[in-house]
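Novice:
Numbering (the numbering used here), first residue to last: 857 to 1313.
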């Protein structure tokens, strides 16, 4: 039966290696978050996810344990593929879940490990020691470690790691994500000695609530990092950045920068940085004044309507002369004045002449004034075309008069510029009749269109 999808038919028709590849791609597909489901049922590994992979969020994800319970043939296939068991997430585990965690580790055999270990609830931290002991036995296979805990001061976390992780065993570790709330200084020092002393493969570092200065005397190997993410913390980031010549990605969240006298002559060039993302950062102009990024391709910022930050941003982009292709303004909770938004974006026009993708997310609605500024129809030869290379555009909270939005899209699409646009309406609003009609015509001509009502998934 050609339409038969029963396990028996699949078992008879597919070679073992093909079936195994299907399992690998099925888990990887959900690892990327598609399709997205609204709920997350309890997992056998932890109480938040249903799969062994830390990044899945679907309630029907085919993790290896579920696949092994379909039939004896599938069980034999999953047990013969250690890679299916090599990505593991543990969150506030119970004692039975710790045992299941050990089972996952054993079944992964010699594969590199992708681990996410999280303890949020104080009542579950009594399982911290057996979890660290179990994972440390396989520390030579760690490839990516994501470790987060809220209550380190009352737990001997660094002692557990120091006791069970063998010295020099982290040579395969490529990525560390440490999210540790209010750690004691001794804890930070012990952790830095463990993770930063002999990690020759480390290239990605994410720090949450950790002050770089307090990690001394053993600091991260800045020169070998390719990606750095700083979440909160009060440390001085410039000495670290000055050593990150190989850095390609920099993300900074929830940080306050202050203009200080000792920073007057501090300037940092990151010759290989391609992606910069700032979110919930106060006074980012302090950072912009000191950075030169000649290879920057992607920029995402959340700025308010103060020229104190916009002018330094323009200065950084002009000074860098970088081939910027993607720009995201994510100020959903900051920007309140559309007129000031237009003025600030106008400052960036000379620096964004080569961008191909743009996203504008602001709190207030985008009206005819902003949308018409993107319209190519009616522009004289003397006027400068803004964003002439723009191919993909995302706009949020649009509330325009009928025909303005679709006319702008048509002008850019039919002039060979725009190929994709994503638009959200204001809460409770709908798209106008004339806009809908023209959008339907443009889609028939090849435009990729994504219309979303605010509140939709």
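Built from N, CA and C at the ideal position, the CB exists for glycine as well.
The structure presented is a predicted model; accordingly, all values stated were derived computationally and were not measured.
Does the Cβ-Cβ distance between residue 1264 and residue 1243 come in under 8 Å?
Specialist: No; because the gap between Cβ atoms is not below 8 Å, this pair is not in contact.
Novice: Looking at residue 1034: is its Cβ nearer than 8 Å to the Cβ of residue 1064?
Specialist: For residue 1034 and residue 1064, yes; Cβs fall inside 8 Å.
Novice: Touch check for the segment 936-946 and the segment 955-970: three-plus C-beta pairs under 8 Å?
Specialist: At 8 Å Cβ cutoff, the stretches touch.
Novice: At the level of alpha carbons, what is the spacing between residue 870 and residue 956?
Specialist: C-alpha separation (whole angstroms): 30 Å.
Novice: Can you find a C-beta in chain D that's less than 8 Å from the C-beta of residue 992?
Specialist: Chain labels in this structure do not include chain D; a single protein chain is all it has.
Novice: Determine contact between the segment 1142-1149 and the segment 1173-1189, defined as no fewer than three beta-carbon pairs at a distance below 8 Å.
Specialist: Yes, they touch.
Novice: Taking its Cβ as the centre, do 16 or more other Cβ atoms sit within 10 Å of residue 1286, making it buried, or is it exposed?
Specialist: So residue 1286 counts as exposed.
Novice: By alpha-carbon positions, which one of 1288, 1276, 1296 ends up nearest to residue 1260?
Specialist: Nearest C-alpha to residue 1260: 1288.
Novice: Do residue 1186 and residue 1217 count as a contact pair if the criterion is CB distance below 8 Å?
Specialist: Going by C-beta atoms, residue 1217 is nearer than 8 Å to residue 1186.
Novice: Taking the beta strand (DSSP E) that residue 1005 falls in, what are its first and last residues?
Specialist: Run containing residue 1005: 998-1005, per the beta strand (DSSP E) assignment.
Novice: At the level of alpha carbons, what is the spacing between residue 1269 and residue 1279?
Specialist: Between residue 1269 and residue 1279, the C-alpha separation is close to 15 Å.
Novice: Just to confirm, are residue 1181 and residue 1212 a CB contact at a threshold of 8 Å?
Specialist: Yes, Cβ-Cβ distance for residue 1181 and residue 1212 is below 8 Å.
Novice: Our contact map puts residue 1271 next to residue 1297 with C-beta atoms below 8 Å; I'd like the distance itself, whole angstroms only.
Specialist: Not really, about 16 Å apart at Cβ, beyond 8 Å.
Novice: Below 8 Å on the Cβ atoms is my contact criterion, and I expect residue 946 with residue 987 to pass it. Report the Cβ-Cβ distance as a whole number of Å.
Specialist: About 6 Å; that satisfies the 8 Å criterion.
Novice: Do you know how far the Cα of residue 1291 is from the Cα of residue 1258?
Specialist: Going by the C-alpha atoms only, they are around 6 Å apart.
Novice: Looking at the structure shown, is residue 1136 part of a helix, part of a strand, or coil, going by DSSP?
Specialist: Residue 1136 falls in the coil class under three-state DSSP.
Novice: Counting C-beta neighbours from all protein chains within 10 Å, is the total for residue 872 16 or more, i.e. buried, or is it exposed?
Specialist: Flag for residue 872 reads exposed.
Novice: Is it buried or exposed for residue 1123, if we count other Cβ within 10 angstroms and need 16 for buried?
Specialist: When all chains shown are included, residue 1123 counts as exposed.
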